Ligand SMILES: [Zn+2]
Ligand SMILES: [Zn+2]
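Printed below as a string of structure tokens:
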């Protein structure tokens, strides 16, 4: 059983994870991490190639058929506050999204798979992917550099540690799982004046205040209420004194959606309404949209398959339904290419009912969760090639 083997690898996983946790690196700067992965693969006798500068693609097994497993390897610009003995040694950088555990579990799965290489019945492709946390996303760069060719996988699987579930509990959802996410940057240009002479200026603050309210019509009046959508303005900046009408207001925000057609309509609506609404105030409103990841959609067949393996391996009591979230995840790019399933692996210590969430400076998942995650990755790959 892969769970027994994974259990025996726990000490190695713990020290691997703690090494990675001590040495987090920001998106697309994962040089030490990449070298560490390459050294480990070399010591396991697993051939690999480097793509997208810090990404690593490794192959285990032989034959025509291929399935892929993916782990993201980057960390976040967060100052760690866990106080753990193996806390980050890189100031201002932290593995606060658990990608250190993802990388560790894929390395452990690699060790399990390598030991049974000759009976695999195909190739398992391992994708150690940089830059999940930053657009354009390491997945799109890996794909552009041919990570999914030679051989082409027929299915791909990935996982994310989940602070909302008990350690080792695995959750699945078929269909849309995470949203498309776009970054929004507004510039509202008015005309500066003495605050006591508003009639001589064009006030971008007043325009911005109204615009924020008005743009919610995207959600309330321009969207089928049965389809999820989010528009949130997260930053507004303008002016510096009590007696000056400023020239410019800048705002930032996010647009989230599952439906690609509506997402594209929303881009047009937000651009047009920004310009038209600001014009009512004599201001010039512009919106720049930095288009982010597409929605992550789990393939029904791949999800039923992975879930059934999880139930056999971990017991049905450890498997649950995941409620989709409007987070974003660049595994979505793989899900556009082939049948894909991304699952959530519970990471909350069983002694706790809550824990600090993803991207929190005190995020600290239960390390033993990695036993289930590594075993499931390996087992899913083995069984997918036996189908
Ligand atoms: Zn994250
Ligand atoms: Zn993450």
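In our numbering, the protein residues as written are 11 to 397. Think of the CB as a built atom: it goes at the ideal place given N, C-alpha and C, for glycine as much as any other residue. If you're wondering where the values come from, they're calculated on a predicted model, not measured in any experiment.
For residue 16, I'd like the list of residues in its chain whose CB is within less than 7 Å of its CB, leaving aside the five on either flank, ordered along the chain.
118, 122, 381, 384 and 385
Return the CA-CA distance between residue 286 and residue 144, expressed in angstroms with no decimal places.
32 Å
If you follow the alpha helix (DSSP H) that residue 110 is in, where does it begin and where does it stop?
109 to 125
Using a Cβ-Cβ cut-off of 8 Å (strictly less than) and excluding sequence neighbours within five positions of residue 42, which residues of its own chain qualify?
33 and 35
From the DSSP output, read off the bridge partner residues of residue 193.
264 and 300
Can you give the beta carbon distance from residue 198 to residue 214, rounded, assuming they're within the 8 Å contact cut?
4 Å
So what does DSSP say about residue 218, is it helix, strand or coil?
helix
Compute the Euclidean distance between the alpha carbons of residue 137 and residue 344, then round it to the nearest angstrom.
11 Å
Given 7 Å as the limit, tell me if residue 99 has its C-beta closer than that to any heavy atom belonging to ligand 2.
no
Whole-angstrom Cβ separation of residue 331 and residue 183, contact assumed at under 8 Å?
6 Å
Under the assumption that residue 59 contacts residue 67 (Cβ atoms under 8 Å), give the Cβ distance between them as a whole number of angstroms.
5 Å
Starting from residue 166 and walking both ways along the beta strand (DSSP E), at which residues does that stretch end?
165 to 176
State the DSSP-derived secondary structure class of residue 103, mapped to helix, strand or coil.
coil
CA-to-CA distance, residue 55 to residue 126, given in whole angstroms
13 Å
Can you tell me the Cα-Cα spacing of residue 222 and residue 305, whole angstroms?
25 Å
Any idea what DSSP makes of residue 375, helix, strand or coil?
coil
Beta bridge counterpart(s) of residue 352 as assigned by DSSP
168
Would you kindly check if the distance between the Cβ of residue 112 and the Cβ of residue 31 is under 8 Å?
no
Neighbourhood of ligand 4 [Cβ distance below 6 Å to any heavy atom], ordered by chain position:
With respect to ligand 4, the structure shown offers nothing to examine, as its ligands consist of ligand 1 and ligand 2.
Could you tell me if the beta carbon of residue 82 falls within a distance shorter than 7 Å of some heavy atom in ligand 2?
yes
Please tell me whether residue 177 and residue 253 are closer than 8 Å, where the distance is taken between their beta carbons.
no
May I have the straight-line CA-CA distance separating residue 27 from residue 295, to the nearest angstrom?
48 Å
Just reading off the beta strand (DSSP E) that residue 289 is part of, what are its end residues?
It is not in any beta strand (DSSP E) - residue 289 instead sits in the alpha helix (DSSP H) that spans 270 to 289.
Using 8 Å as the threshold, is the segment 241 to 255 in touch with the segment 299 to 319, meaning 3 or more CB pairs across them?
no
Unbroken beta strand (DSSP E) runs of length 3 or more, entirely within the segment 16 to 71: which are they?
58 to 61 and 65 to 71
Out of 179, 267, 94 and 210, point me to the one whose CA is closest to residue 234's CA.
267
Residue from 91, 397 and 272 whose Cα sits closest to the Cα of residue 189
272
For my contact list, residue 142 and residue 109 are in at a C-beta cut-off of 8 Å; report their separation, rounded to the angstrom.
7 Å
So, at 7 Å on beta carbons, what are the nonlocal neighbours of residue 102 in its own chain, with the 5 sequence-adjacent residues on each side left out?
87 and 89
So, helix, strand or coil for residue 238, using DSSP?
coil
Going by beta-carbon coordinates alone, are residue 355 and residue 69 separated by less than 8 Å?
no
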